[in-house]
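Let me begin by presenting the structure, written as structure tokens, before commenting on it.
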């Protein structure tokens, strides 16, 4: 059509058009013949050498854990080193008190969340595994629990105690990042590719904010290995928990990661003890394969007196996918399954009394689902009434996922206890929050016999 227009308005002659067609055809034919003689280019995987010692995961390895304990003597030594400030530098009184309190924890053998987490980093660094952490407030920690970087009073010199453990240790890199979850998590996903022997972490300031990086979770984190057969061990730390802080500061959107889960593509954990946090972080490096790890981390439990662990908890065993009720006797009439800090909320409601007819079981790893461990925890009570307790709304949290998994195990009448379905993750009113929270806990208490 265009040629006819050019011929009609006299822009070209028919002879010119034929000549141009012939010239173009000859040029394309010559290029085609030249391409046949070229050697095929070879695309090398520039990361292949870094990954040659890693293999695909076996199915049974995803719901059981290797031993990741560290000798008590080593733990005490590392805890002391990372909590002893250099004497030739002047530090703020609050920093001195913080370190003094941490040394006291070691003496009492009652380790809080920060100590359990930092000992995981310290032991990995001592073993030669680099640790990298980034996020909007990671140096201090959103809730001032970590204090991985402290400053001197007179010169504001930054001191990272975890980089002063021993001469031959690996290094901790920790950076407060720009306010773009999408950009920073994407960078760290790439960094984890280039450093499979280390622990690479992206932490959200609040778990809620991870939705700014949803593209990364959908396109890369959850589907990367399935699409490209490339493993990745990026770890996400998402502060999560209902404490009356409103709809934008309560939920890490656990349901979304569980919906993205399929087979063994990623690991979703919700730990309730410093020891289990210690072990899940060490497990991430000590497995012979790599999987993305999503950990819903607590806020309340960071300084909760009952959420402590001993050196023995860190020096023996490994990560516990399920924690059975240590006080419940066999034959309980009701087994309450839950995950996260709602466990401690329920214990507070019980007060000093332990129910005689009930076992409260914590599911610490949600995906891949630890079917055998859950079955064992329920099965030792015969055929009890099974309850799922959560603090999130019914259409959020782990309920939909757990309901399906338990149904597949033959538990067709699982009772749900939690908030009603809601468009918003949480109420903006502290009073309404407390009312709803008390109501769901009271529903469980009503089933208990003391």
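Numbering (the numbering used here), first residue to last: 20 to 469.
Ideal Cβ positions, reconstructed from N, Cα and C, are used throughout, including at glycine.
Here the structure is a predicted model, which means the values were calculated and not measured.
Residue 100 holds the alpha-carbon nearest to the alpha-carbon of residue 186 among 61, 100, 240. In the structure shown, residue 70 falls within a coil segment according to DSSP collapsed to helix, strand and coil. Boundaries of the beta strand (DSSP E) around residue 153: 150-154. Restricting attention to 437, 286, 117, the CA atom closest to the CA of residue 84 is found in 286. Rounded to whole angstroms, the gap between the alpha carbons of residue 163 and residue 132 is 12 Å. Unbroken alpha helix (DSSP H) stretches of 4 residues or longer found wholly inside the segment 143-223: 200-213, given in chain order. With contacts defined as CB atoms closer than 8 Å, residue 253 and residue 208 qualify as a contacting pair.
The count of Cβ pairs closer than 8 Å, one atom from the segment 178-192 and one from the segment 220-237, stays below three, leaving the stretches out of contact. Given a length threshold of 4 residues, each whole run of the alpha helix (DSSP H) inside the segment 290-353 is given here in chain order: 293-305, 330-334. Contact between the segment 331-349 and the segment 379-396 is present, with at least three C-beta pairs closer than 8 Å.
Across the structure, residue 461 and residue 144 are spaced so that their CA atoms are roughly 45 Å apart. Between the segment 222-237 and the segment 262-281, the count of C-beta pairs closer than 8 Å reaches three or more; the two stretches touch. A distance of 8 Å or more separates the beta carbons of residue 110 and residue 226. The shortest C-alpha to C-alpha distance from residue 247 to any of 205, 284, 396 is the one to 284.
Runs of the beta strand (DSSP E) lying entirely within the segment 388-452, each at least 3 residues long, are 404-412, 434-438 in chain order.
Note that the segment 64-72 does not touch the segment 123-140; fewer than 3 beta-carbon pairs, one per stretch, sit closer than 8 Å. In this chain, residue 32 is not harboured by any beta strand (DSSP E), its DSSP state being neither H nor E.
Annotation: the continuous alpha helix (DSSP H) that includes residue 99 extends over 91-101. Between residue 122 and residue 334, the gap from beta carbon to beta carbon reaches 8 Å or more.
Between the segment 46-55 and the segment 296-309, the count of Cβ pairs shorter than 8 Å is below three; the stretches do not touch. Ranked by Cα distance from residue 200, the options 355, 319, 236, 119 are led by 236.
Taking all protein chains in view, the Cβ of residue 50 is surrounded by fewer than 16 other Cβ atoms within 10 Å, so the residue is classified as exposed.
DSSP, reduced to helix, strand and coil, places residue 456 within a helical segment of the structure shown. In this structure, residue 400 keeps its C-beta atom at 8 Å or more from the C-beta atom of residue 360. Rounded to whole angstroms, the gap between the alpha carbons of residue 141 and residue 76 is 26 Å. Setting aside the 5 residues that flank it on each side, residue 332 is surrounded in the same chain by 294, each with a C-beta closer than 6 Å to its C-beta; the list follows chain order. Its Cα nearest to that of residue 387, the residue 241 stands out among 268, 38, 241. When the five nearest sequence neighbours on each side are left out, the beta carbons in the same chain lying within less than 6 Å of the beta carbon of residue 180 are those of 101, in order along the chain. Residue 386 is bridged by DSSP to 287. Residue 111 carries a coil assignment under DSSP once its states are collapsed to helix, strand and coil. The C-beta separation of residue 263 from residue 449 comes to about 4 Å, placing the pair in contact by the 8 Å criterion. Relative to the Cα of residue 312, the nearest Cα in the group 81, 28, 55 belongs to 81. Annotation: residue 255 is outside any alpha helix (DSSP H); the continuous beta strand (DSSP E) that includes it extends over 254-258. When the Cα atoms are used, residue 112 and residue 352 turn out to be separated by approximately 53 Å.
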